[in-house]
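Here is the structure we will look at.
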Amino acid sequence: MTGALLLEVEHLSKSYGGVHAVVDVCFSLHAGEMLALIGPNGAGKSTCFNMVNGQIPADTGRIRIGGRDTKGLSPRQVFRLGVGRTFQIAEVFSSMTVRENVQAVLMTGDTGLAGLWGAAGKRHVAAADAVLELIGMADMAERPCADMAYGDVKKLELGIALAAGPKLLLMDEPAAGMAPLERVALMALTARIAKERGIGVLFTEHDMDVVFSHADRMMVLDRGRLIAEGSPESVRRDPKVRAVYLGDGRVYDSGERTVPA
Ligand SMILES: Nc1ncnc2c1ncn2[C@@H]1O[C@H](COP(=O)(O)OP(=O)(O)OP(=O)(O)O)[C@@H](O)[C@H]1O
225 MTGALLLEVE HLSKSYGGVH AVVDVCFSLH AGEMLALIGP NGAGKSTCFN
275 MVNGQIPADT GRIRIGGRDT KGLSPRQVFR LGVGRTFQIA EVFSSMTVRE
325 NVQAVLMTGD TGLAGLWGAA GKRHVAAADA VLELIGMADM AERPCADMAY
375 GDVKKLELGI ALAAGPKLLL MDEPAAGMAP LERVALMALT ARIAKERGIG
425 VLFTEHDMDV VFSHADRMMV LDRGRLIAEG SPESVRRDPK VRAVYLGDGR
475 VYDSGERTVP A
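According to the working numbering, the sequence shown is numbered sequentially starting from 225.
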C-alpha cells in the first residue's frame, strides 16, 4: 500500500468487567485503502471502532490519527482530525431534502448566526451539489428524504460523511439492511471515492460478498483478538478464519453468499 499512513493502532485493549472485548489489537491503515474488520457477533468490532473515533477510552494501547495521539480526545476532537463515520442504521433528517441534509453538515463548520438554518438556507449549495454529484445523487437534490428508498438513504449517509472532507472513514456495517445488488454498488462507490480522494476506509461487514469484492486488506477478530490479517485471498484460505467465521470445511467463492449469524 503506497498511500500515506493515516491510522496506527498499537496494542489496544478494552475490557468490560470480566469480558475482554478487545485484546492487544494492532493494525494500520493507509490513504486510499479499504480495510475490512470482520468477525463473529461479539468479537469486538464495534468496541474497536468506538475507541478509534473517541467514543470510548482504551484501557491500554495507543491510537494515532495522522500521527497525532488521540488519547484523551473527545469524539468531536477526533472528528476534527478528519475522521468521518457512517452507522449500521442510516440516519438522515427526513423532513429535509437530500441537498439540505448535506448543507446541514457543511454548516456545522459555520459560526455565529450564519450557522442557524433560517439565515443560512442558501449557504453551501454549490458544495452540497458537488457532494451529490460525487455520489451520483445530483438528480435527487430536491427530493424530501422521507420519500427515499432505504438504499438511497444509505448512499446519502455516505455523502453526508464525505461532506466533512474526512481523511479516515469508519463504516459500521455500511450495507446492512440493503438489497444484495445495492450493497455491492454502495461499496463499489465507496471504494472508487476512497481511491480517488485518498481516503482510508475502515469498515465492518457481515456480508462476505461485499468484503471479498471491495476490501484491499482484511482483519479477523475472534473474542477480542486479531486471528488473521492480510489480503482477502489469504484470509479466506486461512484455516483459523474458516473455523471461527467462514465455516469450516469450505472456502467462500463468489456466488456463494455467506452471512454468518
Ligand atoms: N458497554 C458494554 N458493557 C459490557 N459489555 C460490553 C459492552 N459493549 C460491548 N460489550 C461486550 O464486549 C464484547 C464485544 O462486543 P462488540 O459489540 O464490540 O462486538 P462486535 O464484534 O461489534 O459484535 P456485533 O457484530 O454483534 O456488533 C461482547 O462480548 C459484548 O457483549
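Just so it is clear, CB atoms sit at the ideal spot from N, CA and C, and this is done for glycine as well.
With 8 Å as the threshold, decide whether the Cβ of residue i is near any Cβ in chain C.
i: Asp433; result: In the structure shown, chain C does not exist; there is a single protein chain.
Which one or two residues does DSSP pair with residue i in a beta bridge?
i: Ala245; result: In DSSP, Ala245 forms no bridge with anything.
i: Ala418; result: Partner(s): none; Ala418 has no beta bridge.
i: Gly454; result: Met442
i: Thr321; result: Pro368
i: Asp293; result: Arg288
Just curious, the beta strand (DSSP E) that residue i is in, first and last residue?
i: Phe427; result: Gly424 to Thr428
i: Lys238; result: Leu229 to Tyr240
Between residue i and residue j, how many whole angstroms is the CB-CB distance? I'm expecting something under 8 Å.
i: Leu394; j: Val249; result: The Cβ separation is near 15 Å, so there is no contact.
i: Leu445; j: Gly242; result: In fact, because the Cβ distance is near 18 Å, the residues do not count as touching under 8 Å.
i: Leu229; j: Leu426; result: Between Leu426 and Leu229 the Cβ distance is about 13 Å, and since that is not below 8 Å, they are no contact.
i: Glu406; j: Gly360; result: So it is not a contact: roughly 13 Å between Cβ atoms.
i: Ala352; j: Leu330; result: 6 Å
i: Pro299; j: Gly278; result: 4 Å
How is residue i classed by DSSP in three states: helix, strand or coil?
i: Thr271; result: helix
i: Val307; result: strand
i: Phe436; result: helix
i: Leu261; result: strand
i: Leu253; result: strand
i: Arg288; result: strand
i: His449; result: Strictly speaking, residue 449 in this sequence is Arg, with His absent from that position. Reduced to three states, the DSSP call for Arg449 is strand.
i: Gln301; result: helix
i: Val316; result: coil
i: Tyr469; result: helix
i: Arg460; result: helix
Q | Ranges of the alpha helix (DSSP H) found wholly within the segment 324 to 412, counting only runs of at least 4 | A | You should have 349 to 358 and 374 to 387.
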